[in-house]
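J.: Quick one: structure below, then a few questions.
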Amino acid sequence: MTQMFSIENVSVAYGKVEAVRNVSLSVEQGQIVTVIGPNGAGKTTLLMAAIGLLKSTGRMVFQGNDLARIDVEGRVERGLCLVPEKRELFADLSVADNLLLGTYSLRDRSTTRKSLDDVFDRFPRLKERSKQAAGTLSGGERQMLALGRALMAKPKLLVLDEPSLGLAPLIVREIFRTIASLRSLGVSVLLVEQNARAALETADYGYVLETGEIIQSGAADTLIHDPKLIAAYLGGH
Amino acid sequence: MTADIAAILAIDGIATGAVYALVAIGTVLIFTVTRVIFIPFGDIAAFTALTLAALDAKQLPGTVGLVVVLACMACAMEVVSLARAGELRAVPKAVLFYLVLPLIVVGTVWLTMRFTPPMPVRIVLALLLILPISPLLDRIVFRPIADASVLLLLTVSVALHFALVGLGLLFFGPEGVRTEPLTSMAMEIAGVHVSGQTVLILTAALVFSGLLFLFFDFTLIGKALRATALNRTGARLMGIRPARAGTIAYLLGSLMAGVSGILIAPVNTIFYDSGFLLGLKAFVGAIVGGMTSYPGAALGAFGVGLLESFASFQSSTLKDVIVFSLLIPVLLWRSLASQHSEEEVEE
Chain A
375 MTQMFSIENV SVAYGKVEAV RNVSLSVEQG QIVTVIGPNG AGKTTLLMAA IGLLKSTGRM
435 VFQGNDLARI DVEGRVERGL CLVPEKRELF ADLSVADNLL LGTYSLRDRS TTRKSLDDVF
495 DRFPRLKERS KQAAGTLSGG ERQMLALGRA LMAKPKLLVL DEPSLGLAPL IVREIFRTIA
555 SLRSLGVSVL LVEQNARAAL ETADYGYVLE TGEIIQSGAA DTLIHDPKLI AAYLGGH
Chain B
-13 MTADIAAILA IDGIATGAVY ALVAIGTVLI FTVTRVIFIP FGDIAAFTAL TLAALDAKQL
47 PGTVGLVVVL ACMACAMEVV SLARAGELRA VPKAVLFYLV LPLIVVGTVW LTMRFTPPMP
107 VRIVLALLLI LPISPLLDRI VFRPIADASV LLLLTVSVAL HFALVGLGLL FFGPEGVRTE
167 PLTSMAMEIA GVHVSGQTVL ILTAALVFSG LLFLFFDFTL IGKALRATAL NRTGARLMGI
227 RPARAGTIAY LLGSLMAGVS GILIAPVNTI FYDSGFLLGL KAFVGAIVGG MTSYPGAALG
287 AFGVGLLESF ASFQSSTLKD VIVFSLLIPV LLWRSLASQH SEEEVEE
């Protein structure tokens, strides 16, 4: 397996406060990697740095390219796409327009029609609402739209920030099923979640982030049986 | 006031309003995409009129010098900032956009002027010469402070307006101009005399706002502009560069302002500093529309035009006072009617 994305000794600071300290992790081609951890551990901060919205120190390499001098838009053009925690949809634009804008970073837009049909097949609810303004959607539909919009960009690595946040259990299951199905498309995924159990069940590999530092890492099916983690995050199932 | 006079004033007001509407729509476009309240838009309109007048008189317009100077400055700034970032590979592209393209426009005008082109060609040339000015100013003035607060951007924008008025005096001289009428047609609608110019102004306003609407609704770039206006972070995550969206917005806005300048040039005498009142009244129209709505801005601009027309009949010395006094109740109503929101949260 080849390395898709790696973060080496990355630190991110808000003023003098370091929210992320010396974090290193890597995602292999076709892998789903998850970062779990409690609220305020620095998960979102780490992802914002990975996409380039926050300044960071350390080294990040995506498909052999050092990301230091590549801005957010350049990273998106190279296939590194973030679905942020806040979704960041275009509320007044229609669902279809939101999806079409996902193709903005592509050089070749001849396959737009097919990508759109694929997204609608994946999320039939979006097709029903394709003419509706994105701002009128429910929470679950918004997450589907954010995911669909990112898929329109044909990402090589999809970075997902808390995709299950604030959603009903049934929809959470649907979202995770979608994430798992991305493997067959050859899309690698970096998934940040508070819902540790669902994340570890979906992922191949996991990292545990606490107060800005990685305190543990391992294969997802090992982590899910780790007694310490069960006590801290997974509840006594 | 008789019904006849009221009808004449109304038609006059609608024509003026249509001119303001074009500038107001441009103002809203720039503001929503870049957060800059671009006060110098009126100057852009006035400069277009002055450019056309110079072309009519078979002179090389002062705009040529202005564009060359701005292009050199913008290009130098872009190259320096690229060199600092170590992006030397991007330099040729930057030189192409900021120096070569504007110079091609200037060269085209210079060459075409040797053949004494007819009126429609001269209008196109005037618009071509005006288009690069705002994007270049954006690169020179606003790009370095793109993340500043709206208030700071506004302050800089006002300063830029005064700088432009000075440059206008330098490049165009102090004489006022009035261009040839675009049409000598006239007609009667329900017993009221309507000049061809009025019809032309209204048609142009409708056509250009219609084109803008089509652009927003049917092209990916148009949608990208709307997306940037709605959610900058979201747009960046789609790979839409706010700076590039800004350039497109400035180009489109300049086109609207330029067209309005050409429409008023035969009706009003235009000086190098005539743009200020035009820009300010369009701005009032845009404020009435809430600064973010295109139909709102257009309606507001028509309102301002009508008010100005009737006010100038009642008391021509006080017409500007009356128009600007309109702002107070409108702002009061706006601040009561809408939830007061702090400046949008920065990314």
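Quick mapping for you: the protein sequence lines, in order, are chains A and B. Position one of the first sequence corresponds to residue 375 (our numbering), numbered consecutively onward. Position one of the second sequence corresponds to residue -13 (our numbering), numbered consecutively onward. Every residue, glycine too, gets a C-beta built ideally from N, C-alpha and C. Source: prediction; values computed, not measured.
In three-state terms, what does DSSP make of L113 of chain B?
T.: Stepping through the second sequence from its first residue, residue 113 of chain B is reached at position 127. In the structure shown, L113 of chain B sits in a helix (DSSP, three-state: H, G or I).
J.: Measuring alpha carbon to alpha carbon, tell me which residue in A:G540, A:R503, A:T486 and A:L539 is nearest A524 of chain A.
T.: For the purposes of this step, residue 524 of chain A is taken as the residue at position 150 of the first sequence. The option with the nearest alpha carbon to A524 of chain A is A:T486.
J.: In chain order, what residues of the same chain lie with their CB nearer than 7 Å to the CB of V316 of chain B, ignoring the 5 residues before and after it?
T.: By 1-based counting over the second sequence, the position of residue 316 of chain B is 330. Cβ within range, chain order: I273 and V274.
J.: How many angstroms separate the CA atom of V91 of chain B from the CA atom of A57 of chain B?
T.: Translated into the one-based positions of the second sequence, residue 91 of chain B becomes position 105. Translated into the one-based positions of the second sequence, residue 57 of chain B becomes position 71. Put simply, the backbone Cα of V91 of chain B is about 11 Å away from that of A57 of chain B.
J.: In angstroms, rounded to a whole number, what distance separates the CA positions of I545 of chain A and A221 of chain B?
T.: The sequence position of residue 545 of chain A within the first sequence is 171, counting from 1. The sequence position of residue 221 of chain B within the second sequence is 235, counting from 1. Using only the alpha carbons, I get a separation of about 26 Å.
J.: Going by DSSP in three states, F262 of chain B sits in which element: helix, strand or coil?
T.: The count along the second sequence starts at 1 and reaches residue 262 of chain B at position 276. Residue state, collapsed to three classes: helix.
J.: Suppose only complete runs of 3+ residues qualify. What are the beta strand (DSSP E) ranges in the segment 194 to 275 of chain B, listed by chain order?
T.: The segment 194 to 275 of chain B contains no whole beta strand (DSSP E) run of 3 or more residues.
J.: Is DSSP giving Q377 of chain A helix, strand or coil here?
T.: Position 3 of the first sequence holds residue 377 of chain A. Of the three classes helix, strand and coil, the one that applies to Q377 of chain A here is strand, per DSSP.
J.: Could you name the residues of chain B that E462 of chain A contacts, counting a contact when the two beta carbons are closer than 7 Å?
T.: In the first sequence, counting from the first residue as 1, residue 462 of chain A sits at position 88. Residues of chain B passing the Cβ test: N217, T219, G220 and L223.
J.: Closer than 8 Å is the cut-off here; do at least three beta carbon pairs connect the segment 454 to 468 of chain A with the segment 481 to 501 of chain A?
T.: no
J.: Compute the distance between the beta-carbons of M518 of chain A and L473 of chain A, then report whether it is under 7 Å.
T.: On the first sequence, residue 518 of chain A is found 144 positions in, with the first residue counted as 1. On the first sequence, residue 473 of chain A is found 99 positions in, with the first residue counted as 1. In this structure, L473 of chain A does not lie closer than 7 Å to M518 of chain A by Cβ.
J.: Using only the alpha-carbon positions, how far apart do I410 of chain A and D578 of chain A sit?
T.: For the purposes of this step, residue 410 of chain A is taken as the residue at position 36 of the first sequence. For the purposes of this step, residue 578 of chain A is taken as the residue at position 204 of the first sequence. Rounded to whole angstroms, I410 of chain A to D578 of chain A spans 13 Å at the Cα level.
J.: How is the alpha helix (DSSP H) around M422 of chain A delimited, first residue to last?
T.: As a working mapping, residue 422 of chain A is identified with position 48 in the first sequence. Taken as a continuous stretch (DSSP letters only), the alpha helix (DSSP H) holding M422 of chain A covers K417 to I425.
J.: Got a sec? Which residues, its chain only, sit under 8 Å from V110 of chain B by beta carbon, not counting five neighbours each side?
T.: As a first step, residue 110 of chain B is located in the second sequence; it is residue number 124 there, counting from the start. Same-chain partners within the cutoff: there are none.
J.: Out of B:L36, B:Y84 and B:L322, state which residue places its alpha-carbon closest to the alpha-carbon of V55 of chain B.
T.: For the purposes of this step, residue 55 of chain B is identified with residue 69 of the second sequence, where counting begins at 1. Per the C-alpha coordinates, the member of B:L36, B:Y84 and B:L322 positioned closest to V55 of chain B is B:Y84.
J.: Rank B:Y258, B:P252 and B:L293 by C-alpha distance to the C-alpha of K267 of chain B and give the top, closest one.
T.: Residue 267 of chain B sits at position 281 when you count from the first residue of the second sequence. Measuring from the Cα of K267 of chain B, the nearest candidate turns out to be B:L293.
J.: Can you list, in chain order, the residues of its chain whose CB lies under 7 Å from that of E329 of chain B, leaving out five sequence neighbours each side?
T.: Looking up residue 329 of chain B in the second sequence gives position 343. Residue placement at E329 of chain B cannot be trusted, given a pLDDT of 47 that sits under 50; what the coordinates show is reported in the next sentence. Cβ neighbours of E329 of chain B beyond the five flanking positions: S135 and V136.
J.: What does the alpha-carbon distance come out to for the pair V86 of chain B and A76 of chain B?
T.: Counting from one through the second sequence, the residue named residue 86 of chain B turns up at place 100. Counting from one through the second sequence, the residue named residue 76 of chain B turns up at place 90. If I take the Cα positions, the gap works out to 15 Å.
J.: Since I believe V384 of chain A is in contact with M434 of chain A (beta carbons under 8 Å), could you give me their beta-carbon distance rounded to a whole number of angstroms?
T.: The residue labelled residue 434 of chain A in the question sits at position 60 within the first sequence. The residue labelled residue 384 of chain A in the question sits at position 10 within the first sequence. With a Cβ gap of about 6 Å, M434 of chain A and V384 of chain A count as contacting.
J.: From H611 of chain A to V566 of chain A, what distance separates their C-alpha atoms?
T.: As a working mapping, residue 611 of chain A is identified with position 237 in the first sequence. As a working mapping, residue 566 of chain A is identified with position 192 in the first sequence. Summary for H611 of chain A: the model assigns pLDDT 46, below 50, so the residue's position carries little reliability, and this model does not support an answer.
J.: When DSSP labels each residue in this structure, what does S400 of chain A get in the three-state scheme?
T.: The residue you call residue 400 of chain A lines up with position 26 of the first sequence. Here S400 of chain A sits in strand by DSSP.
J.: Can you check DSSP and say which residues form a bridge with L531 of chain A?
T.: What you label residue 531 of chain A is simply residue 157 of the first sequence in a count that begins at 1. According to DSSP, which records beta bridges pairwise, L531 of chain A is partnered with A:L454 and A:S562.
J.: Along chain B, in chain order, which residues have C-beta atoms closer than 7 Å to that of Y478 of chain A?
T.: To locate residue 478 of chain A, count along the first sequence from 1; it is residue 104. Going along chain B in sequence order, the residues near Y478 of chain A (Cβ under 7 Å) are L206, A210, M224, G225 and I226.
J.: Comparing alpha-carbon positions, which option in B:L122, B:F157 and B:V144 lies nearest M63 of chain B?
T.: Here the question's residue 63 of chain B lines up with position 77 in the second sequence. Selected option, being the one with the closest Cα: B:L122.
J.: Residues bridged to E587 of chain A by DSSP?
T.: Translated into the one-based positions of the first sequence, residue 587 of chain A becomes position 213. Here E587 of chain A is bridged, per DSSP, to A:E584.
J.: Could you list which residues in chain B have their beta carbon closer than 9 Å to that of A423 of chain A, in chain order?
T.: Taking the first sequence and counting its residues from 1, the one referred to as residue 423 of chain A is at position 49. By Cβ distance, chain B contributes nothing, its closest Cβ being about 14 Å from A423 of chain A, past 9 Å.
J.: My output table needs one value for S302 of chain B: the three-state DSSP class, helix, strand or coil.
T.: In the second sequence, counting from the first residue as 1, residue 302 of chain B sits at position 316. If DSSP states are grouped into helix, strand and coil, S302 of chain B belongs with the helices.
J.: Note down the Cα distance separating V331 of chain B from N217 of chain B, rounded to an integer number of angstroms.
T.: By one-based count along the second sequence, residue 331 of chain B stands at place 345. By one-based count along the second sequence, residue 217 of chain B stands at place 231. Confidence is the limiting factor: at V331 of chain B the pLDDT is only 43, short of 50, which leaves the residue's position unreliable, though a coordinate-based value still follows. Roughly 11 Å between the two C-alpha positions.
J.: Any Cβ of chain A within less than 7 Å of the Cβ of A213 of chain B?
T.: On the second sequence, position 227 is the one that residue 213 of chain B refers to. Yes, A213 of chain B lies at the interface with chain A (some Cβ there is under 7 Å from its Cβ).
J.: Using a C-beta to C-beta distance shorter than 8 Å, which residues of chain B count as neighbours of A465 of chain A?
T.: Against the first sequence, residue 465 of chain A aligns to sequence position 91. Residues of chain B passing the Cβ test: L216 and N217.
J.: Of all the residues that make up the segment 64 to 79 of chain B, which are near chain E by a beta-carbon distance shorter than 8 Å?
T.: As a matter of chain content, chain E is missing from the structure shown, whose protein chains are A and B.
J.: Across which residues does DSSP place F436 of chain A in a beta bridge pair?
T.: Here residue 436 of chain A refers to the residue found at position 62 when the first sequence is read from its first residue. Paired residue(s): A:F379 and A:N439.
J.: Find out if the Cβ-Cβ distance for the pair F158 of chain B, L36 of chain B is shorter than 7 Å.
T.: Residue mapping note: residue 158 of chain B aligns to position 172 of the second sequence, counting from 1. Residue mapping note: residue 36 of chain B aligns to position 50 of the second sequence, counting from 1. Closer than 7 Å, so yes.
J.: Near Y236 of chain B, which residues of its chain fall below 6 Å by C-beta distance, leaving aside the five closest residues on each side in sequence?
T.: To locate residue 236 of chain B, count along the second sequence from 1; it is residue 250. The answer, listed in chain order, is S120, P121 and D124.
J.: Buried or exposed for I314 of chain B, going by 16 or more other Cβ atoms inside 10 Å?
T.: Counted from its first residue, the second sequence places residue 314 of chain B at position 328. Exposed is the call here.
J.: Just to make sure I have the definition right: I need the residues of chain B whose C-beta is within less than 7 Å of the C-beta of R516 of chain A. Which are they?
T.: Along the first sequence, read from residue 1 onward, the residue named residue 516 of chain A stands at position 142. Those do not exist, as R516 of chain A stays about 12 Å from chain B at its closest Cβ, beyond 7 Å.
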